[in-house]
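Residue numbers (my numbering): 47 to 490.
A short write-up of the structure that comes next.
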Amino acid sequence: MSYTEEVYERVVAQNPGEPEFHQAVKEVLDSLKVVIERNEEEYRRLSILERLVEPERIISFRVPWVDDKGNVQVNKGYRVQFNSAIGPYKGGLRFHPSVNQSILKFLGFEQIFKNSLTGLPIGGGKGGSNFDPKGKSDREVMAFCQSFMTELCKYIGADTDVPAGDIGVGGREIGYLFGQYKRIRGLHEGVLTGKGLSYGGSLIRTQATGYGVVYMLNEIMQAHGDSMDGKTFVVTGSGNVAIYAVEKAQQMGAKVVAMNDSNGYIYDPEGIKLDIVKDIKEVKRGRIKEYAERVESATYTEGRGIWTIKCDVYLPCATQNELDLEGAKILVANGCKYIVEGANMPTTLDATNYVMENGVLFMPGKAANAGGVATSALEMSQNSMRLSWSAEEVDAKLKTIMKDIFQKVDDAAKRYDLEENYVVGANIAGFEKVVDAMKAQGIC
Ligand code: NDP
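In structure tokens, the structure reads:
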């Protein structure tokens, strides 16, 4: 049995009931085989992989809060501090009923390589809760966030661990979390990113993940002599990442015809009117089906199946494992040429393999959605320097970072004679820097 297979079996045996974590480890280890075989003796001696797959620390805690009826509710809270070899832990907080240790470990593990790829000094972490902000009043969300931070604040700080947003955690939640941190710790410091502009946030952070996804797509297209102009796009989700991916794609000449949420999808052959989506999602916190009630050219379909809509480019920007083999086959049959992941691990392993074997240019989330965390790191820099860069400056840095990531991924794939295999390229490029830092720091 190879070293990577041994380590994978060990992960499965030692982390029972954590399928998402197993899946993320498998994807990474499988694609690192070529690098590991070249250095197997040294990596085995130093137990590099065994250390890499074991989080440095997992903090798990109780989050009690009082709802509007006066009843006490209890949720689970977590922070997975996965790897600090190249910098303080950095990664979002997710508030969603599906959150559990497996999901946060998969996200924290992926974050290590993503953060490494940005070229910025940030380690990997992730956290969150099974709290569902949907349908809660503002006061309930605040009560929950205050209780969550009352415990979490003991373990984070501007130079130790800097959380940000993720699913269910946007500007409102970051504001409540920051306020409570400041109150307890007495520090107005860059302990969270995604903050409001009036208290230390960075311009373009809100847009960064979605814009970065489209900048990455642009790099891939340019490398293949292609452009977005006139292409048909399907973008899944209708949250932060999806909305700003659509915005940038439309600015660059694309026609986006479909979006969804967890209830169903809208199809608008005339092109999605993003101001209406923003009003429904960002202002009214409503459901995507309201779009079809407001726009005559649009239809709404309840349930899954957004991948049945014919497109040249598919940007999955909702959640993990949203695109399975069945969907992948339909996308390929309909002529889809590019899949760039805005969400984390939205494509199942068999679907990923299928699209890559069938000529689709596929960029994994850890490279494609790294613009969010990269801009978070730019927010940290601005906080440390006590200054604010203009939107143009931040956007220019974001573009450069996405270009650099593409180059690193593309180069790594080519170095191992696996041209256009961006999955392998992203994992290798991210892995090499982390391993270098781990080796330099001795056994820790
Ligand atoms: P949001 O909470 O803003 O939006 C998530 C969107 O996905 C919502 O429209 C949600 O719909 C939809 N969704 C969730 N589950 C499903 C499902 N099963 N089927 C269809 N749609 C679904 O989150 P973000 O936009 O911030 O995050 C989206 C993804 O991007 C996640 O994987 C996240 O980890 C990743 N990401 C986010 C970054 C960021 O900066 N925000 C950075 C890097 C990655 P509904 O309202 O019905 O739940």
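Just so you know, even glycine gets a beta-carbon here, dropped at the ideal spot from N, CA and C.
From a predicted model like this one, the values you see are computed outputs, not experimental measurements.
By the criterion of a C-beta distance shorter than 7 Å, MET195 is surrounded in its chain by LEU223, GLN226, TYR227, once the five residues flanking it on both sides are discounted. Contact annotation: LEU150 and LYS172 have beta-carbon atoms nearer than 8 Å. Residue environment for THR345: exposed (fewer than 16 other C-beta atoms within 10 angstroms of its C-beta). For PRO209, the three-state secondary structure derived from DSSP is strand. The Cβ atoms of ASN286 and GLY216 lie closer than 8 Å to each other. The count of Cβ pairs closer than 8 Å, one atom from the segment 293-311 and one from the segment 351-362, reaches three, so the stretches are in contact. Rounded to whole angstroms, VAL280 and ILE352 show a C-alpha spacing of 8 Å. ALA483 is a Cβ neighbour of ALA131, given a cutoff of 8 Å.
According to DSSP, ALA304 shares a beta bridge with VAL280, TYR313.
With respect to the 8 Å criterion, PHE177 and GLY154 are not classified as neighbours on the basis of their beta carbons. DSSP, read as helix, strand or coil, puts GLY418 in helix.
For GLN487, there is no enclosing beta strand (DSSP E), since its DSSP letter is neither H nor E.
A residue is called buried when at least 16 other Cβ atoms come within 10 angstroms of its Cβ; LEU98 meets this threshold and is buried. In terms of Cα proximity to PRO110, the closest of GLN192, GLN69, LYS335 is GLN192. The segment 381-388 makes no contact with the segment 435-443: fewer than 3 CB pairs, one atom from each, lie closer than 8 Å. Around the Cβ of THR446, a 10 Å sphere holds fewer than 16 other Cβ atoms; the residue is exposed.
Under DSSP, GLY123 takes part in a beta bridge, and its partners are PHE107, SER175. Here the segment 318-327 does not lie against the segment 366-373, with fewer than 3 beta-carbon pairs under 8 Å apart. Residue ARG125 holds the alpha-carbon nearest to the alpha-carbon of PHE141 among ARG125, GLU466, GLY405, LYS277. Considering only SER308, ASP314, THR347, ILE250, the residue with the shortest C-alpha distance to ALA291 is ILE250. In this chain, the beta strand (DSSP E) harbouring LYS136 covers 135-141. Burial is judged here by how many other beta carbons sit within 10 angstroms of a residue's own beta carbon; LEU166 has at least 16 and is buried. Counting along the chain, the unbroken alpha helix (DSSP H) around THR196 starts and ends at 184-198.
Using a C-beta cut-off of 8 Å, the segment 427-438 makes no contact with the segment 391-410, since fewer than three inter-stretch Cβ pairs fall below that distance. GLU372: member of the alpha helix (DSSP H) spanning 371-379, first to last residue.
Burial is judged here by how many other beta carbons sit within 10 angstroms of a residue's own beta carbon; GLN453 has fewer than 16 and is exposed. The C-beta distance from TYR135 to GLY170 rounds to 7 Å, short enough to fall under 8 Å. Straight across, the Cα-Cα distance linking GLU339 with ASN309 is about 15 Å. Secondary structure note for ILE385: its beta strand (DSSP E) is the uninterrupted segment 384-386. Residue side-chain check: ALA288 places its Cβ nearer than 7 Å to a non-hydrogen atom of the ligand NDP. Its Cα nearest to that of SER183, the residue ASP114 stands out among ASP205, LYS200, ASP114. Within 10 angstroms of the beta-carbon of TYR49 lie 16 or more other beta-carbons, which makes it buried. With a contact defined as Cβ atoms closer than 8 Å, VAL120 and VAL112 miss out at about 11 Å. Going by DSSP, GLU348 is part of the beta strand (DSSP E) stretching over 345-348. Taking C-beta separations shorter than 7 Å and ignoring five residues to either side along the sequence, the partners of THR239 in its chain run VAL208, ALA210, ARG251, SER422, GLU425, MET426, following chain order.
With a contact defined as Cβ atoms closer than 8 Å, GLY411 and SER162 miss out at about 14 Å.
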